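Trainee: Here you go, one structure.
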Amino acid sequence: MTQTAVQPTATGGQEFVLVVDSLVRRFGDLTAVDGVSFTVAPGETYGLLGPNGAGKTTTISMVAGLLEADEGSVTVMGQQMGPKKVAPKRHLGLVPQDLAIYPDLSARENLNFFGKLQGLTGGELKSRVGQVLELTGLTDRAKGPTKDFSGGMKRRLNIGIGLLHKPTLLILDEPTVGVDPQSRNAILESVEALADEGMAVIYTTHYMEEAERLCDRIGIIDSGTLQAEGTRDELIRLTGGVDNIELSGSGDTTTAAEALLRLDSVAQANPERGHLQLTVHDAPTAVAQIVTTATSSGMQLSDVQISRPNLESVFLHLTGKALRD
């Protein structure tokens with residue numbers, strides 16, 4: 668599905684938390700963001716997937732009101748967003764790519780400081796700090812200076828600061844860059860929990876597997892343009908929705924290929940010495956019949972491998988380059 672401008676309506680009469688309409692941002696002769704539009708509903712995690720330099724951070728900087736758009740508009744909870752707008756920013760929690768914590772303060776002291784900036788006081792502040800420390804897995808390290816934290820712990824605290832005031836929309840810009848696998852998984856679990864509680868989330872990443880795990884809908888962005896958006900399955904269908912099966916073994920691969928092409932599920936069959944490369948529809952359902960047909964046609968199979976298209980395949984299909992190029 669190609670990118671089109673969106674209107675501030677939602678299914679079921681439910682208003683969108685965020686409406687981004689035809690955003691454009693230029694830096695001199697460079698158009699960093701070119702006509703980007705999308706919406707985010709309550710409880711939805713919307714992913715912006717693209718390589719470094721694709722325009723993700725510039726887009727969310729305009730969404731958060733840190734950067735003025737040259738064209739287009741951003742509406743948060745029905746309120747127009749911009750650098751001079753205060754009211755809509757109260758609905759936002761922004762977790763920037765660069766760490767925004769004080770290294771000589773403890774985790775608890777950092778949270779208390781930023782909580783007061785967000786208008787929290789007294790018992791409410793104390794309660795929220797405790798809840799955020801638990802959510803981010805930092806309760807046992809709440810008192811030590813954060814300069815002694817690992818990169819992953821600092822990232823988790825960075826996220827916690829953005830959550831203190833219970834924002835309606837949380838914006839996470841590449842939150843797992845440079846962290847260890849354990850901390851990365853903890854961050855992803857935290858994001859999943861927030862969405863389950865009804866928080867709207869924008870998640871920018873160049874990690875395909877994170878987008879596939881977390882995001883209800885994904886916008887694929889490259890060179891400042893939203894190339895396509897939709898659910899994972901909707902995006903996969905842009906590639907034709909076919910799977911690949913590789914049959915390895917010995918015997919008559921040519922005869923087996925001819926027999927397999929008579930199956931409705933098989934679109935292509937390319938025989939090679941000791942291998943048979945198949946393009947099929949719905950490989951998990953078709954594989955049993957394919958194996959039976961191949962063996963009854965003279966192949967002795969030693970291995971069967973299935974590979975299904977993923978978001979990397981979609982990105983390559985749309986842009987002609989790999990996601991990490």
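So the numbering used here is basically just the index in the sequence shown, starting at one, shifted up by 667. Virtual Cβ for every residue (Gly too), placed ideally from N, Cα, C. Computed from a predicted model, the values in this text were never measured in an experiment.
Identify which residue in 819, 982, 880 and 742 has its Cα closest to the Cα of residue 706.
Mentor: The candidate whose alpha carbon is nearest that of residue 706 is 742.
Trainee: Across which residues does DSSP place residue 700 in a beta bridge pair?
Mentor: DSSP, once it has assigned bridges, lists 692 as partnering residue 700.
Trainee: Taking the alpha-carbon of residue 841 as reference, which of 985, 718, 895 and 696 has the nearest alpha-carbon?
Mentor: Nearest option by C-alpha distance: 718.
Trainee: To the nearest whole angstrom, what separates the beta carbons of residue 700 and residue 722, a pair I think is in contact under 8 Å?
Mentor: With 8 Å as the limit, residue 700 and residue 722 qualify as a contact, their Cβ atoms being about 5 Å apart.
Trainee: Which residue wins for smallest C-alpha separation from residue 709, given the options 862, 811, 754 and 808?
Mentor: For the residues 862, 811, 754 and 808, the minimum Cα distance to residue 709 belongs to 862.
Trainee: Measuring CB atoms only, is the region 941-952 touching the region 910-922, in the sense that at least three cross pairs come out at less than 8 Å?
Mentor: Because the criterion of three Cβ pairs below 8 Å is met, the region 941-952 and the region 910-922 touch.
Trainee: Assign residue 1020 to one of two classes, buried (16 or more other C-beta atoms within 10 Å of its C-beta) or exposed (fewer than that).
Mentor: In this structure the chain extends from 668 to 992, so residue 1020 is not present and cannot be described.
Trainee: Would you mind sorting residue 801 into buried or exposed? The rule is 16 or more other CB atoms within 10 Å of its CB.
Mentor: Flag for residue 801 reads exposed.
Trainee: Taking just the CA atoms, how far does residue 828 sit from residue 781?
Mentor: Cα to Cα, residue 781 sits roughly 7 Å from residue 828.
Trainee: Assign residue 687 to buried or exposed, taking buried as 16 or more other Cβ atoms, counted over all protein chains shown, within 10 Å of its Cβ.
Mentor: With 16 or more other Cβ atoms within 10 Å, it is buried.
Trainee: If you draw a straight line from the C-alpha of residue 967 to the C-alpha of residue 929, how long is it?
Mentor: If you take the alpha carbons of residue 967 and residue 929, they lie about 19 Å apart.
Trainee: So, at 7 Å on beta carbons, what are the nonlocal neighbours of residue 865 in its own chain, with the 5 sequence-adjacent residues on each side left out?
Mentor: Contacts found: 709 and 710.
Trainee: Taking Cβ positions, are residue 822 and residue 854 nearer each other than 9 Å?
Mentor: Taking 9 Å as the Cβ cut-off, residue 822 and residue 854 qualify as a contacting pair.
Trainee: Please list, in chain order, all residues of the same chain as residue 857 whose beta carbon is under 7 Å from its beta carbon, the five residues on each side excluded.
Mentor: Correct list, in chain order: 802, 803 and 826.
Trainee: Just verifying my parser: in three-state terms, what is the DSSP assignment at residue 673?
Mentor: Caution applies to residue 673, whose pLDDT of 34 falls short of 50 and renders its modelled position unreliable; the model cannot decide the point.
Trainee: With DSSP collapsed to three states, give me the class of residue 768.
Mentor: Coil, per DSSP.
Trainee: For residue 980, which residues of its own chain have a beta-carbon under 7 Å away from its beta-carbon, when the five flanking residues on both sides are left out?
Mentor: Within the same chain, residue 980 has close Cβ partners 906.
Trainee: Run the CB neighbour count on residue 703, radius 10 Å, all protein chains shown included, and call it buried at 16 or more, exposed below.
Mentor: With 16 or more other Cβ atoms within 10 Å, it is buried.
Trainee: Kindly provide the ranges of any beta strand (DSSP E) runs that are 3 or more residues long and lie completely inside the region 925-979, ordered along the chain.
Mentor: The region 925-979 contains these whole beta strand (DSSP E) runs: 933-939, 942-948 and 966-974.
Trainee: Kindly list the residues whose CB is nearer than 6 Å to the CB of residue 903, restricted to its own chain and excluding five residues on each side of it in sequence; keep chain order.
Mentor: Answer for residue 903: 976, listed in chain order.
Trainee: Answer yes or no: do residue 897 and residue 880 have a C-beta to C-beta separation smaller than 9 Å?
Mentor: Result no, Cβ atoms of residue 897 and residue 880 do not sit closer than 9 Å.
Trainee: Would you decide whether residue 982 is buried or exposed? Buried here means 16 or more other CB atoms lie within 10 Å of its CB.
Mentor: Buried, because 16 or more other Cβ atoms sit within 10 Å of the Cβ of residue 982.
Trainee: My understanding is that residue 712 touches residue 882, with C-beta atoms under 8 Å, so please give their C-beta distance in whole angstroms.
Mentor: Confirmed, Cβ separation roughly 5 Å.
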